[in-house]
Amino acid sequence: MIITMIQSTRPILYSLLVLSFVLQTLIGSTWLQFVEGSLAIVCLAISMHDARRMFQIAGSLFIAAGIACMIWGQLSISQLPLLMTSNVMLISLLYMLPFINRVIRIGGYDRHLSRWLHVKSGNLGSLYVRSLAVSYLLSLFLFFAALPLVHRVLKKHLQHQEQGLANRFIASAILRGFGIVALWSPVEPLVATAVLITGISYMSLLPWMLGLSVLMFIAGGLWGLSYRKIKDEAMINASAKAPSWFKTISFLFALLLLITFAFLLQSALQLSFFSAMTFVLLPFSIAWAIVLRRFGRFVASVRLHGREGIVGLRHLLVLFLSFGFFNSAVSKSPLFHLVEGSVQSISHWPSLLLIVIFLVCFLLPVAGIHPLVVMGIFGFLLQPVLVIMNPLSIAIVLITSCLCSSFMGTFNSTVTIMSGLLRVNPYRITAWNLGFGLLFGGTGVLVSYLLL
55 MIITMIQSTR PILYSLLVLS FVLQTLIGST WLQFVEGSLA IVCLAISMHD ARRMFQIAGS
115 LFIAAGIACM IWGQLSISQL PLLMTSNVML ISLLYMLPFI NRVIRIGGYD RHLSRWLHVK
175 SGNLGSLYVR SLAVSYLLSL FLFFAALPLV HRVLKKHLQH QEQGLANRFI ASAILRGFGI
235 VALWSPVEPL VATAVLITGI SYMSLLPWML GLSVLMFIAG GLWGLSYRKI KDEAMINASA
295 KAPSWFKTIS FLFALLLLIT FAFLLQSALQ LSFFSAMTFV LLPFSIAWAI VLRRFGRFVA
355 SVRLHGREGI VGLRHLLVLF LSFGFFNSAV SKSPLFHLVE GSVQSISHWP SLLLIVIFLV
415 CFLLPVAGIH PLVVMGIFGF LLQPVLVIMN PLSIAIVLIT SCLCSSFMGT FNSTVTIMSG
475 LLRVNPYRIT AWNLGFGLLF GGTGVLVSYL LL
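In structure tokens form, the structure reads like this:
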């Protein structure tokens, strides 16, 4: 009875938390921040029980460490709500994402973009490059929903190929496209977390991450050309609906508009970019649905799937709120000053530090540790280094290293989903993408070092 009541009130409380964040950001009132923090405590309490085991453990450790820091720093219990608000922005961003997802679906952009995979080709090399591109575009806002969509199309194309070859082709093309676009995505949680940790602006990071994304896409395409000697027999005589250039260009134009509006709002209200993106997503989605003359379907889709998306936030909510509380508490305790000297000494060997960050972020997700947990730990440890080393370098190496998990993290959600679709062991997918992961992360380390 109690559990059912909690589950029914969870979407309401999550919505109130997001509303309090919006109001507090716009008004800047201390009492609103107190309300926001109090709601964060309640949301964390009702979400902990139903979160995944890994997030429960990580959240419990962050909370326990945060409470210890409060006691050590002799902080009053009345300050607890104010310590809970630092990561509510990330929760709010994730809360708003499904709205843009729904517009893309009702507008048919997912189906039209997938038609590029039907274009006639003579070998699997060119099909691989197109698969990488389609996964890249669809993953930008559809996230996990893009995986089964592209898989379904490729599975039909490759049904006459040897099963092992087809599985490797699909797992590498789809997951690498997913990871490559996430490098610069304005709605990627890992990018937003790295920006929060390092204190840099997203707009200063964007050119570098876009450049890295283009470079990795080219590398991924060249990697896929190893399939060019294999004929795509199934496609030579295939007849399918041609892809729509108008739909493709309008999708890219809408993406450009979204980022532009977020940037303008950031400049006008002096917000962080991700706060501005949080504010823009819902009105932009509504306006897009109206332009498409699909507003009724948009509302119906939100009503049908909205609750499911909100309830699904509980896992990351537990992680983000507990990690934010720990970071806020530790910054006000003697612990920060105790580790400051020893951590700063590592900055005398910057190349070694960058390599260590890469190896830890690269290996721990394979062992089952979520990359956001790894980044959260580094967020605390690296604070003293940020005053000495270029924060941009730290942000780049954190993002590139942690994003390796998107296509080779054995227990990462993307690899787990793909493992289920292909019915193969997730460690096999890790092995297939290991080489590209080393190239991906190693390139990030090199760029980070050059920017020091």
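With the numbering used here as the guide, the letters of the sequence shown map in order to residues 55 to 506. In this text, a Cβ means the ideal position worked out from N, Cα and C, and glycines have one as well.
Helix, strand or coil at residue i [DSSP, three-state]
i	result
K36	Absent from the structure is residue 36, since the part of the chain shown begins at 55 and ends at 506.
N177	strand
H214	coil
S459	helix
K386	coil
M150	helix
A292	For A292, the pLDDT reaches just 49, beneath the cut-off of 50, and the residue's location in the model is therefore unreliable, leaving the point undetermined.
V414	helix
S140	coil
G162	coil
M465	A small correction: the amino acid at residue 465 is Phe; Met does not occupy that position in the sequence shown. DSSP places F465 in coil when its eight states are reduced to three.
P65	helix
I364	helix
L191	helix
Q133	helix
Nonlocal neighbours in the same chain, by C-beta distance under 6 angstroms from residue i, ignoring five residues either side
i	result
A292	Unreliable positioning characterises A292 in this predicted model, as indicated by a pLDDT of 49, which lies under 50. A coordinate reading is not provided.
C415	V428, S455 and C456
F116	S376, F377 and F380
P135	F88, G91 and S92
From the options, residue whose alpha carbon lies closest to that of residue i
i	options	result
M472	I228, T454 and W170	I228
L323	G82, P445 and L70	G82
L319	T302, L306 and P337	P337
M102	F374, I448, Q437 and G422	F374
L250	G430, A112 and L346	G430
L276	L181, L208, L71 and A485	L181
Q128	S387, G495 and G474	S387
Y503	S447, F305 and S382	S447
beta-carbon residue i near the ligand HEM non-hydrogen atom, thresh 6 angstroms
i	result
L413	Although the ligand HEM was asked about, the structure shown includes no ligands whatsoever.
Supposed contact pair residue j and residue i - C-beta distance, whole angstroms, cut 8 angstroms
i	j	result
A273	L493	6 angstroms
A248	I453	5 angstroms
A99	V142	That belief does not hold up - the Cβ atoms of A99 and V142 are roughly 15 angstroms apart, past 8 angstroms.
F109	H391	Wrong, their Cβ atoms sit about 30 angstroms apart, outside the cutoff.
G278	V183	6 angstroms
P404	G463	Not really, about 26 angstroms apart at Cβ, beyond 8 angstroms.
T252	L440	6 angstroms
F198	T497	F198 to T497, Cβ: 25 angstroms. No contact.
I160	R351	5 angstroms
F490	S339	Going by Cβ atoms, the distance from F490 to S339 rounds to 33 angstroms, so no, they are not a contact pair.
I224	H205	6 angstroms
C97	L71	5 angstroms
Contacting residues, own chain, Cβ-Cβ under 7 angstroms from residue i (five flanking each side not counted)
i	result
D164	I158, L192, L196 and L203
W342	V157 and A308
I313	P240
R361	P65
I411	F432, V451, L452 and S455
Spatial neighbours of residue i in its chain, beta-carbon cut-off 8 angstroms, leaving aside the 5 residues before and after
i	result
V384	A119, G120, C123, F390 and F434
7 angstroms Cβ cutoff, residue i in contact with chain C
i	result
S130	Note that chain C does not occur in the displayed structure, where there is just one protein chain.
Is it the case that the stretch 474–488 contacts the stretch 259–277, given that we only count it when at least three CB pairs across the two stretches are under 8 angstroms? no
So, do the stretch 133–153 and the stretch 70–79 have three or more beta carbon pairs nearer to each other than 8 angstroms? yes
With three or more beta-carbon pairs closer than 8 angstroms as the criterion, would you say the stretch 147–155 touches the stretch 321–336? yes
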